[in-house]
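Engineer: Numbers given in the working numbering equal positions in the sequence shown, counted from 1, plus 1492.
From the three backbone atoms N, C-alpha and C, an ideal C-beta is built for every residue, glycine too.
Keep in mind the model is a prediction, meaning the values are calculated, not measured.
First, the structure itself, so that you have it in front of you.
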Amino acid sequence: MCREQLVKLPPKIGELTAQGAAVLAISRDHPEVAAKLTRDLALPFPSDVSMEVIRAFRMAGEGMQMADLGYVIIDKHGRIRTRQIDRRFGENVGMVLRALRQAKAPA
């Protein structure tokens, strides 16, 4: 996971959760590494060493055995509303907020 982007999320968590989002980062890192990030950044970081979840949400890096950086927004019905590769997601929280608002809008 890109710690440089992840450290930018905690100050924005309130804005994201106010829109109804649950925020977590899924990492291919081993559980011990993910647990350390959870403690350091006060964010949930489930480990997905097998990349099962990462692949299911099509967030595996092209030609890489690792996740790409970005975000997936899933609505309350379990439908993927946005999938975005964004290697600067921590700096682009405004775009994530817009995507959350669009996901909540009637279809």
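Just the C-alpha distance for residue 1504 and residue 1585, rounded to the nearest angstrom, thanks.
Structural biologist: Answer to the nearest angstrom: the Cα atoms are 7 Å apart.
Engineer: What's the C-alpha gap between residue 1542 and residue 1570?
Structural biologist: If I take the Cα positions, the gap works out to 22 Å.
Engineer: On the DSSP letters alone, give me the boundaries of the beta strand (DSSP E) that residue 1573 sits inside.
Structural biologist: Its beta strand (DSSP E) spans residues 1572-1577.
Engineer: State yes or no: is the C-beta of residue 1559 within less than 8 Å of the C-beta of residue 1593?
Structural biologist: No, Cβ-Cβ distance for residue 1559 and residue 1593 is not below 8 Å.
Engineer: Residues bridged to residue 1559 by DSSP?
Structural biologist: Answer is 1552, bridged to residue 1559.
Engineer: Helix, strand or coil, according to DSSP, for residue 1566 in the structure here?
Structural biologist: It is a strand residue.
Engineer: Going by beta-carbon coordinates alone, are residue 1580 and residue 1497 separated by less than 8 Å?
Structural biologist: For residue 1580 and residue 1497, yes; Cβs fall inside 8 Å.
Engineer: From residue 1515 to residue 1523, what distance separates their C-alpha atoms?
Structural biologist: Looking at the two C-alpha atoms, the distance is approximately 18 Å.
Engineer: If you follow the alpha helix (DSSP H) that residue 1516 is part of, which residue opens it and which one closes it?
Structural biologist: Run containing residue 1516: none; DSSP gives neither H nor E here.
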